[in-house]
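Written out below as structure tokens is the structure these notes cover.
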Amino acid sequence: MIRDGIGAMRYLNRLGNYFRKPQNVILVTLALVLGYLILVPLASIFEDTLIVHMSEVRRVRGAAAGDHTFYHWRMVFADEGSFNLFYKPLLNSLVCSIGPCIVAIGLGGGFAWLITRSNIRMKKLLSGLAIFPYIMPSWTLALAWLNFFKNATIGGAPGIFTALTGLQTPDWFAYGPFPIILVTGLHYAPFAYILIGGILRNMDASLEEAALLLHASRLRIFWRVTIPMVMPAILSTFLLVFSSAMSSFAVPAFLGLPVRYQVLTTQLFRTLNGLNPGYGYIIAVVMMMFGALILYGNQRLIGTRKSYVTVTGKSANVSLVDLRLWRTPMSAAILVALLLLSVVPLISFAVESMIIVPGDYSWNNLSLVFWIGEGDARIANSEPGILLNPAIWYGLWNSLRLSVLCALTAGTIGFLAGYAIVRRRGTRLAGFVNNLSFFPYLMPAMAFSAVYLSLFAVPHGPIPALYGTFLLLVIVGTVKYLPFASRAGINSMLQISTEIEEAATVLGVGWFKRMTRILIPIQKSAVISGYLLPFISCMRELSLFILLVTPGTRMLTTMLFQYNEKGWEQYANAINLIIIMMVIIVNWLIGKVTGASIDKGIGG
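Okay, structure coming up:
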């Protein structure tokens with residue numbers, strides 16, 4: 088008995104000493120909370136693929152709501168209608184995911200080579216403009232494409248291109264896979280430019296210099312030397328763009344649904360909002376499996392080869408390719424193209440928001456009624472103008488407070504997670520929390536929201552049903568954007584020596600004071616980025632919240648989608664312009680406050 092008592096006391100003392108360290112308390116707390124918010128919803132969504140839902144009772148013979156069944160799996164994968172329900176949208180998703188990778192890598196990588204390896208003019212200006220399409224929401228170019236190229240056959244009224252030229256655009260050009268691939272690829276081309284350009288900028292050029300001395304042609308050097316050296320960036324760009332395109336909802340919805348071109352995300356939205364939620368949950372599971380495969384593929388492709396050394400300490404100077412007579416024309420052409428992608432869409436949104444009769448772009452047809460009008464029975468069911476519309480202001484308030492709350496919670500949790508993971512680096516618990524905090528990044532946004540819809544649609548013990556509440560949006564946004572904040576926290580803490588904190592501990596400085604007076608001030612820029620990146624992402628998000636919002640929790644992005652569905656394109660364009668301007672302003676403030684620039688070091 089005495090020995091048992093002594094053993095118990097020793098165990099309690101070790102346990103007490105363990106929890107006296109703040110990093111251990113943080114890790115255990117995060118393991119429990121994130122385990123419930125990530126692993127439990129995954130189990131819930133798998134269960135929902137195997138039960139009969141209330142709206143499906145009539146179709147599942149002899150079954151009652153809540154009964155277990157393989158009906159959904161059979162109907163999705165092995166029924167006569169499986170091709171249109173699942174396999175065709177899956178093929179469409181693959182086409183609209185692989186295509187943008189080719190466009191993004193071709194345009195972004197080519198532009199990165201011109202900036203780093205040629206004597207093209209206006210490098211700093213071109214580099215700054217090249218990032219602009221990525222800063223804006225993904226659907227921006229999709230709406231701009233519709234504004235310019237929609238036709239009277241499907242769009243109801245011709246776009247700007249037809250109004251100016253009199254030429255009617257064909258359906259395949261205005262809608263469907265071609266514009267989806269092109270628009271998505273253009274949106275992620277800056278991402279390829281950042282990754283590939285960063286390696287080209289810092290790459291040791293001695294191999295290229297040696298090839299020049301051996302009289303190799305520039306084209307041969309490019310294919311046999313440059314491309315293999317930047318292969319990690321190309322592979323990473325391919326996998327990440329593929330993942331982002333696979334989970335995209337807004338672009339396929341705007342450009343594909345007019346011609347009934349379904350992809351997995353639009354099919355997921357249709358089934359979960361219709362009478363077949365079981366089908367939707369299976370599609371969500373398939374999309375999550377794609378996320379896991381992408382992570383595995385990235386680790387295999389990048390991790391198996393260790394010889395991608397690009398920075399060696401040797402001279403990185405290389406003679407730039409002289410574009411000669413093409414220098415000025417090519418610089419001007421690229422400048423015009425970037426202005427068409429960044430500035431012209433904003434002008435089109437402003438113009439389209441003032442068009443009274445769609446398709447007529449004369450001065451007499453422009454009006455501010457959609458901005459400051461009090462409501463006209465002949466226009467949008469007497470809907471007031473954007474600036475006088477209480478629903479718009481309520482949506483803006485919801486968007487702002489949701490973005491602020493998600494940024495505060497995700498940023499704080501991410502920084503604490505980064506601190507604890509780095510301080511306990513190498514332990515199983517730290518590795519578990521690290522992987523758990525990064526997992527939401529791998530899940531497509533709509534599949535991720537479907538997971539929470541499955542879990543919180545009904546009460547679970549003491550936890551009530553949260554569907555339709557603002558709290559559910561905060562929880563979903565916080566968990567989804569946690570990877571951004573946790574990566575920022577981990578990277579910032581890895582740069583701080585433990586000796587700094589240990590010295591403060593010896594002097595009797597408490598943990599909270601060490602954090603607020605020492606650690607946070609040292610890495611102020613990284614910490615602020617950990618808060619502001621979730622804010623920007625949340626402010627422009629549509630796919631993540633489209634399944635979860637209700638009339639009481641509507642946001643600007645979901646209202647934009649609803650107005651566009653109703654055919655009230657003037658209101659949709661006006662809301663889009665508001666969102667873009669807010670994102671641009673916040674992104675500008677990030678640069679001013681943190682001094683960070685995502686293209687810094689590439690454009691010179």
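In the working numbering, each residue's number is its place in the sequence shown (first place is 1) plus 87.
Just so you know, even glycine gets a beta-carbon here, dropped at the ideal spot from N, CA and C.
Note that the structure is predicted; figures quoted are calculated from it, not measured.
Give me the Cβ distance between residue 634 and residue 356, rounded to the nearest whole Å; I'm assuming they're in contact under 8 Å. Walking along the sequence shown from the start, residue 634 turns up at place 547. Walking along the sequence shown from the start, residue 356 turns up at place 269. Confirmed, about 7 Å.
CA nearest to the CA of residue 502, picked from 407, 488, 452, 619: Counting from 1 along the sequence shown, the entry for residue 502 is found at position 415. Checking every option, the nearest Cα to that of residue 502 belongs to 619.
Identify the residues that DSSP records as bridge partners of residue 159: which are they? Taking the sequence shown and counting its residues from 1, one reaches residue 159 at position 72. Paired residue(s): none; residue 159 is not in a bridge.
Would you decide whether residue 650 is buried or exposed? Buried here means 16 or more other CB atoms lie within 10 Å of its CB. The residue given as residue 650 occupies position 563 in the sequence shown. Buried, by the Cβ-count rule.
Is residue 597 closer than 8 Å to residue 505 when the C-beta atoms are compared? The count along the sequence shown starts at 1 and reaches residue 505 at position 418. The count along the sequence shown starts at 1 and reaches residue 597 at position 510. Against a cut-off of 8 Å, the Cβ pair of residue 597 and residue 505 comes out as no contact.
With a 10 Å radius around its C-beta and 16 neighbouring C-beta atoms as the bar for buried, classify residue 174 as buried or exposed. Taking the first residue of the sequence shown as 1, we reach residue 174 at position 87. So residue 174 ends up on the exposed side.
State the DSSP-derived secondary structure class of residue 105, mapped to helix, strand or coil. In the sequence shown, the residue the question calls residue 105 occupies position 18. It is helical.
Closest by C-alpha distance to residue 668, when choosing among 232, 432, 532: Start at 1 with the first residue of the sequence shown, and residue 668 comes out as number 581. For residue 668, the nearest C-alpha among the options comes from 432.
Under a Cβ-count criterion, where at least 16 other Cβ atoms within 10 Å of its own Cβ denotes burial, should residue 376 be classed as buried or exposed? On the sequence shown, position 289 is the one that residue 376 refers to. With fewer than 16 other Cβ atoms within 10 Å, it is exposed.
Between the region 200-218 and the region 408-422, are three or more C-beta pairs nearer than 8 Å? yes
With a cut-off of 8 Å on the beta carbons, I'd call residue 192 and residue 130 a contact; round off their distance for me. As a working note, residue 192 is residue 105 in the sequence shown. As a working note, residue 130 is residue 43 in the sequence shown. Wrong, their Cβ atoms sit about 37 Å apart, outside the cutoff.
Output yes or no for whether 8 Å exceeds the beta carbon distance between residue 473 and residue 348. For this step, residue 473 is matched to residue 386 along the sequence shown. For this step, residue 348 is matched to residue 261 along the sequence shown. Not closer than 8 Å, so no.
Just the C-alpha distance for residue 518 and residue 120, rounded to the nearest angstrom, thanks. For the purposes of this step, residue 518 is taken as residue 431 along the sequence shown, with counting starting at 1. For the purposes of this step, residue 120 is taken as residue 33 along the sequence shown, with counting starting at 1. The alpha-carbon atoms of residue 518 and residue 120 are separated by roughly 16 Å.
Among 468, 180, 592, 601, whose alpha-carbon lies nearest the alpha-carbon of residue 263? Taking the sequence shown and counting its residues from 1, the one referred to as residue 263 is at position 176. With distances taken between Cα atoms, residue 263 lies closest to 180.
Is DSSP giving residue 205 helix, strand or coil here? Numbered from 1 along the sequence shown, position 118 holds the residue referred to as residue 205. Reduced to three states, the DSSP call for residue 205 is strand.
Would residue 534 and residue 379 be called neighbours here (beta carbons separated by less than 8 Å)? Translated into positions along the sequence shown, residue 534 becomes position 447. Translated into positions along the sequence shown, residue 379 becomes position 292. Contact flag unset, no.
So for residue 269, helix, strand or coil by DSSP? Position 182 of the sequence shown, counting from 1, holds the residue named residue 269. Here residue 269 sits in helix by DSSP.
Could you tell me the distance, in whole angstroms, from the CA atom of residue 567 to the CA atom of residue 520? Numbered from its first residue, the sequence shown carries residue 567 at position 480. Numbered from its first residue, the sequence shown carries residue 520 at position 433. About 15 Å.
Leaving out five residues on either side along the sequence, give the residues of the same chain with a beta carbon under 6 Å from the beta carbon of residue 103. For the purposes of this step, residue 103 is identified with residue 16 of the sequence shown, where counting begins at 1. Contacts found: none.
The region 225-234 in contact with the region 436-447 per 3-pair CB rule at 8 Å: yes
Reduced DSSP secondary structure (H/G/I, E/B, other) of residue 129: Mapped onto the sequence shown, residue 129 falls at position 42. Residue 129: helix per DSSP, three-state reduction.
So what does residue 138 bridge to, in DSSP terms? Here residue 138 refers to the residue found at position 51 of the sequence shown. Looking at the DSSP assignment, residue 138 forms a beta bridge with 155.
Between residue 508 and the rest of its own chain, which residues show a CB-CB distance below 7 Å, the 5 nearest in sequence each way excluded? Taking the sequence shown and counting its residues from 1, the one referred to as residue 508 is at position 421. Excluding positions up to five away in sequence, the list reads 517, 520, 521, 577.
Pairwise C-alpha distance: residue 638 and residue 481: For the purposes of this step, residue 481 is identified with residue 394 of the sequence shown, where counting begins at 1. For the purposes of this step, residue 638 is identified with residue 551 of the sequence shown, where counting begins at 1. Roughly 10 Å separates the two Cα atoms.
Helix, strand or coil, according to DSSP, for residue 495 in the structure here? Position 408 of the sequence shown, counted from the start, is the residue given in the question as residue 495. In the structure shown, residue 495 sits in a helix (DSSP, three-state: H, G or I).
With a threshold of 16 other CB atoms inside 10 Å of the CB of residue 105, please say whether the residue is buried or exposed. On the sequence shown, position 18 is the one that residue 105 refers to. That one is exposed.
Considering only the beta carbon of each residue, do residue 143 and residue 363 sit closer than 8 Å? For the purposes of this step, residue 143 is identified with residue 56 of the sequence shown, where counting begins at 1. For the purposes of this step, residue 363 is identified with residue 276 of the sequence shown, where counting begins at 1. In this structure, residue 363 lies closer than 8 Å to residue 143 by Cβ.
Terminal residues of the continuous alpha helix (DSSP H) containing residue 451? Here the question's residue 451 lines up with position 364 in the sequence shown. Counting along the chain, residue 451 falls outside any alpha helix (DSSP H), and DSSP gives it neither H nor E.
Looking at the structure shown, is residue 408 part of a helix, part of a strand, or coil, going by DSSP? Against the sequence shown, residue 408 aligns to sequence position 321. The answer is strand: DSSP assigns residue 408 an E or B state.
Output the residue ranges of the beta strand (DSSP E) runs that lie fully inside the region 592-664 and measure 3 residues or longer, sorted by chain position. none
Any idea if residue 729 is buried or exposed, counting beta-carbon neighbours within 10 angstroms, 16 or more meaning buried? Nothing about residue 729 can be reported from this structure: the residues present for the chain run from 88 to 691 only.
Span separating the alpha-carbon of residue 188 from that of residue 589: To locate residue 188, count along the sequence shown from 1; it is residue 101. To locate residue 589, count along the sequence shown from 1; it is residue 502. Cα to Cα, residue 188 sits roughly 47 Å from residue 589.
From the DSSP output, in three-state form, read off residue 443 for me. Against the sequence shown, residue 443 aligns to sequence position 356. Coil.
Are the beta-carbon atoms of residue 183 and residue 328 separated by less than 8 Å? Here residue 183 refers to the residue found at position 96 of the sequence shown. Here residue 328 refers to the residue found at position 241 of the sequence shown. Not closer than 8 Å, so no.
Using the Cβ count rule (16 or more neighbours within 10 Å means buried), how would you classify residue 478? Counting from 1 along the sequence shown, the entry for residue 478 is found at position 391. Looking at its Cβ environment, which holds fewer than 16 other Cβ atoms inside 10 Å, residue 478 is exposed.
Thinking just about the alpha-carbon of each residue, which of 172, 562, 243, 426 is nearest to the one in residue 228? On the sequence shown, position 141 is the one that residue 228 refers to. Taking only the C-alpha atoms, the option nearest residue 228 is 426.
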